[in-house]
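First comes the structure, then the notes that go with it.
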Amino acid sequence: MRNATWLALLTLLGTAAPSARAHPSIPRPFQLDRINRALHGQLVDYTRNHGADRRFWSPALGEKRDLYVYLPPDYDPGKQYPLIIVLHGFSQDEKVFFDSIVRPIDRAIAAGDLPPAILAAPDGSPRGVSGLFSAGTFFLNTRAGNFEDYLVEDVWNFLTAHYPIRPEREAHVMLGVSMGGGAAFNKAIKYKERFGVAVGIFPPLNSRWMSCRGRYMDNFDPNCWGWRTDFNRRREVVGRFYGFYTVRLRRIINPLYGRDTPDVLQAVMRENPIEMLALYDVQPGDVEMYIAYGGRDEFNIDAQIESFLFVARQRGLDVGVGYDPRGRHNEATALKLFPGLLAWLKPRLAPYSPD
Numbered sequence: 006m007r008n009a010t011w012l013a014l015l016t017l018l019g020t021a022a023p024s025a026r027a028h029p030s031i032p033r034p035f036q037l038d039r040i041n042r043a044l045h046g047q048l049v050d051y052t053r054n055h056g057a058d059r060r061f062w063s064p065a066l067g068e069k070r071d072l073y074v075y076l077p078p079d080y081d082p083g084k085q086y087p088l089i090i091v092l093h094g095f096s097q098d099e100k101v102f103f104d105s106i107v108r109p110i111d112r113a114i115a116a117g118d119l120p121p122a123i124l125a126a127p128d129g130s131p132r133g134v135s136g137l138f139s140a141g142t143f144f145l146n147t148r149a150g151n152f153e154d155y156l157v158e159d160v161w162n163f164l165t166a167h168y169p170i171r172p173e174r175e176a177h178v179m180l181g182v183s184m185g186g187g188a189a190f191n192k193a194i195k196y197k198e199r200f201g202v203a204v205g206i207f208p209p210l211n212s213r214w215m216s217c218r219g220r221y222m223d224n225f226d227p228n229c230w231g232w233r234t235d236f237n238r239r240r241e242v243v244g245r246f247y248g249f250y251t252v253r254l255r256r257i258i259n260p261l262y263g264r265d266t267p268d269v270l271q272a273v274m275r276e277n278p279i280e281m282l283a284l285y286d287v288q289p290g291d292v293e294m295y296i297a298y299g300g301r302d303e304f305n306i307d308a309q310i311e312s313f314l315f316v317a318r319q320r321g322l323d324v325g326v327g328y329d330p331r332g333r334h335n336e337a338t339a340l341k342l343f344p345g346l347l348a349w350l351k352p353r354l355a356p357y358s359p360d
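The numbering of the sequence shown is my numbering, which starts it at 6 and goes up by one.
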């Protein structure tokens, strides 16, 4: 039983990226050279993962932070490129980009399945290092830190100061997985004058989802739909893996808002993507959106997404969807959905290709 529990933990916390390993490795100095020899493009290191401290300074957090930047094949600093900011999942950091994401993206660009683009993967972990029991920041300004300011000011300013980024908002993509997917939609909606595209794999888009029976784990039904108003039920289960390992609401809420904060509901409503559609008056054409998810998600993210899609379509918004009815919140499902995501994204970035 102990081994099974450990496996469940590793699987849960390592599934927030298209090919995340169960237990991501710690990059070493030689690994950066090795991965760059295998890539068609180049991975630029602004981390302390490879022997030297190359981190950039974040005024919002008051500390140095890790960042990876990917440059496409035949990169020419005299040309301008689309930008894709990749946001990692819960209990992860930028190393998941190094371990898992950069290779399939590099292959896609080299094969012509995605236009040449600059990718950036910032570290959004609470303390600058991930771990099995670390929390998630959701890239928000909360008690955990000013992670929204860090992302949209510090990371953005660093990238635009050092790399030739296309100026058009339609050439700027927020792409995230799991926690990062929710953050991608949050930021694209909130800063739609800067970001024109939001892409999420298993993104939590309605953190207030509740059925009319008061159950979070129920399937979405437009005729039986409620809203969570009580975030004090901290022991409530919001994720279940292997039938016995559970994730409770307090693990998500407490690091962001504390244990006894009275205005948690209002804070959540302000940052909840489904409610932000009305709050920011999102109209057709404001933000291109794509969502990939599985029908058997262990966090019941499928119900969150389907409620979001219901509201979005009522507003006349056209949202691209990749769906695996048997898919779960794991690496295998993300890999299966990834080609459809690239096929959707390609024509949207093609007009801004440096070629």
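Cβ atoms here follow ideal geometry from the backbone N, Cα and C, with glycine treated the same way.
Three-way DSSP call (helix, strand, coil) for residue i in this model
i	result
Pro29	Summary for Pro29: the model assigns pLDDT 46, below 50, so the residue's position carries little reliability, and this model does not support an answer.
Val107	helix
Glu68	strand
Ala189	helix
Val134	coil
Ala149	coil
Ser63	strand
Glu311	helix
Ala113	helix
Tyr298	strand
Ala140	coil
Leu119	coil
Glu158	helix
Tyr75	strand
Ala57	coil
Element boundaries [beta strand (DSSP E), containing residue i]
i	result
His177	His177 to Val182
Arg253	Tyr250 to Arg253
Val91	Leu88 to Leu92
Closest residue to residue i among the options (Cα-Cα distance)
i	options	result
Ser96	Leu76, Phe313, Arg70 and Asp128	Asp128
Trp232	Tyr328, Arg240, Glu276 and Arg218	Arg218
Tyr65	Val160, Tyr285, Lys351 and Ala122	Note that residue 65 corresponds to Ala in the displayed sequence, not to Tyr. The residue with the shortest Cα to Cα distance from Ala65 is Val160.
Asp71	Ala337, Asp98 and Thr52	Thr52
Ser126	Tyr247, Phe143 and Val107	Contrary to the premise, residue 126 reads as Ala rather than Ser in this sequence. Nearest option by C-alpha distance: Val107.
Tyr357	Pro169, Tyr328 and Asp286	Pro169
Ala361	Asp81, Glu153 and Val157	The structure shown does not extend to residue 361, since the chain spans only 6 to 360, so no value can be given for it.
Ile306	Asp286, Asp329 and Phe152	Asp329
Glu175	Pro87, Arg333 and Pro359	Pro87
Glu173	Leu180, Gln85 and Gly141	Gln85
Tyr298	Lys192, Phe35, Arg331 and Arg320	Arg331
Glu153	Pro109, Pro260 and Thr142	Thr142
Arg148	Phe246, Phe315 and Tyr262	Tyr262
Residue range of the unbroken alpha helix (DSSP H) whose run includes residue i
i	result
Gln47	From DSSP, Gln47 is part of no alpha helix (DSSP H) but of the beta strand (DSSP E) over Gln47 to Tyr51.
Arg42	Pro34 to Ala43
Val324	Note, Val324: premise wrong, no alpha helix (DSSP H); beta strand (DSSP E) at Val324 to Asp329.
Ala125	Note, Ala125: premise wrong, no alpha helix (DSSP H); beta strand (DSSP E) at Ile123 to Pro127.
Pro344	Glu336 to Leu354
Quiz item: With a cut-off of 8 Å, do at least 3 Cβ pairs link the region 288–295 to the region 192–203?
Solution: Contact between the region 288–295 and the region 192–203 is established, with three or more Cβ pairs separated by less than 8 Å.
Quiz item: Do three or more CB pairs link the region 240–250 to the region 343–351 at distances below 8 Å?
Solution: The region 240–250 is not in contact with the region 343–351.
Quiz item: Can you list, in chain order, the stretches of the beta strand (DSSP E) that have 3 or more residues and sit fully within the region 206–294?
Solution: Counting only unbroken stretches of 3 or more residues, the beta strand (DSSP E) elements lying wholly within the region 206–294 are 214–216, 230–232, 242–246 and 250–253, in sequence order.
Quiz item: Looking at C-beta atoms only, is the number of pairs between the region 207–217 and the region 297–317 that lie closer than 8 Å three or more?
Solution: Look at the beta carbons and you see the region 207–217 touching the region 297–317: at least three pairs across the two are nearer than 8 Å.
Quiz item: Is the region 179–197 in contact with the region 213–229, if contact means three or more CB pairs nearer than 8 Å?
Solution: Contact between the region 179–197 and the region 213–229 is absent, because fewer than three Cβ pairs lie under 8 Å.
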